[in-house]
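J.:
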Ligand SMILES: Nc1ncnc2c1ncn2[C@@H]1O[C@H](COP(=O)(O)OP(=O)(O)OP(=O)(O)O)[C@@H](O)[C@H]1O
Ligand SMILES: [Mg+2]
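In the working numbering, the protein residues as written are 403 to 623.
Structural data, given as structure tokens:
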């Protein structure tokens, strides 16, 4: 299987005068269609790692390849395009826009891409249907439960047909049943659309390959 993400000797250091090294010489390959769970203590570097994989942050040294392209060699413009099209992001706090309804929130990444065609709306409705939210599509997002809001964020992350979804504690604010729902949706999306997942989690419920981080190093693969 080809890799959708490849990290080669990635180091991350914060601070200028007092430097603290967060990631130490990480090498990691994320295969197409795979599901991966990232675990590790608070402060071990999970979010830092995920942000680097999502091109939201840059390593201090080392290489990041997304879908075979080295992001160092890309212009700001093509990087922004890659981020919008190849990568779907899901956070613990979903960052839905409160002034829009459910359907419009799902459509945001597709509008950013400059796509206003009706296919976008059809896909959004299909995703909402799959996630059990079709009847809520014209609700304001504030009128939904936490689990429902997280499912809207999942639909939004899928609208541009990404190859990779990066999720940082996506069930961190959900109860057990809603968390189970989210994991089942991830598995279904992985199976149906072939999307690769990297999920940072503190949950007992782990899916796929386990990547354990300790003090900015990968323990076992
Ligand atoms: N912008 C930043 N500037 C300086 N230090 C930072 C910055 N972001 C993170 N750190 C430090 O890097 C370390 C790793 O943080 P990170 O957020 O990656 O941990 P984490 O594994 O995601 O933890 P948690 O499970 O609590 O979310 C921490 O010590 C944190 O203080
Ligand atoms: Mg974190």
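Using N, Cα and C, we set each Cβ at its ideal position, and we do this for glycine too.
DSSP has residue 651 in a bridge; who is on the other side?
T.: Summary: the structure shown does not reach residue 651, with the chain confined to residues 403 through 623, and so no result is reported for it.
J.: How many angstroms separate the CA atom of residue 475 from the CA atom of residue 426?
T.: Numbered from its first residue, the chain shown carries residue 475 at position 73. Numbered from its first residue, the chain shown carries residue 426 at position 24. Between residue 475 and residue 426, the C-alpha separation is close to 23 Å.
J.: Beta carbon of residue 414: closer than 7 Å to some heavy atom of ligand 2?
T.: Along the chain shown, read from residue 1 onward, the residue named residue 414 stands at position 12. No.
J.: If we define contact as Cβ-Cβ less than 8 Å, is residue 505 a contact residue for chain C?
T.: Going by chain labels, chain C is absent from the structure shown, which holds only one protein chain.
J.: Using only the heavy atoms of ligand 1, determine whether one of them is closer than 7 Å to the beta carbon of residue 444.
T.: If you number the chain shown from 1, residue 444 lands on position 42. Because some heavy atom of ligand 1 lies under 7 Å away, the Cβ of residue 444 counts as near it: yes.
J.: Jot down the residue ranges of each uninterrupted beta strand (DSSP E) in the region 457 to 482, minimum 3 residues, whole runs only, in chain order.
T.: The qualifying runs are 463 to 468.
J.: If you follow the alpha helix (DSSP H) that residue 579 is part of, which residue opens it and which one closes it?
T.: In the chain shown, counting from the first residue as 1, residue 579 sits at position 177. It spans 578 to 595 - the alpha helix (DSSP H) in which residue 579 sits, taken as one unbroken run.
J.: Compute every distance between the C-beta of residue 448 and the non-hydrogen atoms of ligand 2, then say whether any falls below 7 Å.
T.: Taking the first residue of the chain shown as 1, we reach residue 448 at position 46. For ligand 2, at least one heavy atom lies less than 7 Å from the Cβ of residue 448.
J.: Report the rounded CA-to-CA distance for residue 621 versus residue 614, giving the unit in angstroms.
T.: Counted from its first residue, the chain shown places residue 621 at position 219. Counted from its first residue, the chain shown places residue 614 at position 212. Going from the Cα of residue 621 to the Cα of residue 614 covers about 5 Å.
J.: Say yes only if the C-beta of residue 459 is nearer than 7 Å to one or more non-hydrogen atoms of ligand 2, and no if none qualify.
T.: If you number the chain shown from 1, residue 459 lands on position 57. Checking every heavy atom of ligand 2 against the Cβ of residue 459, none is found closer than 7 Å.
J.: Helix, strand or coil for residue 569 per DSSP?
T.: Residue numbering aside, residue 569 sits at position 167 when the chain shown is read from its first letter. The answer is strand: DSSP assigns residue 569 an E or B state.
J.: Among 448, 584, 467 and 460, which has the Cα closest to the Cα of residue 406?
T.: For the purposes of this step, residue 406 is identified with residue 4 of the chain shown, where counting begins at 1. Nearest C-alpha to residue 406: 467.
J.: Suppose only complete runs of 4+ residues qualify. What are the alpha helix (DSSP H) ranges in the region 519 to 565, listed by chain order?
T.: 520 to 532 and 548 to 560, all fully within the region 519 to 565.
J.: Take residue 433 and list the residues in its own chain whose beta-carbon comes closer than 8 Å to its own, dropping the five residues that flank it on each side.
T.: If you number the chain shown from 1, residue 433 lands on position 31. Hits under 8 Å: 403, 404, 405, 406 and 598.
J.: So what's residue 506 in DSSP terms, helix, strand or just coil?
T.: Within the chain shown, residue 506 is the residue found at index 104, counting from 1. Looking at residue 506 - three-state DSSP - the assignment turns out to be helix.
J.: Only counting the same chain, and skipping five residues up and downstream in sequence, which positions put a Cβ closer than 8 Å to that of residue 550?
T.: Reading the chain shown from its first residue, position 148 is the one you call residue 550. Only 535 and 538 meet the Cβ criterion.
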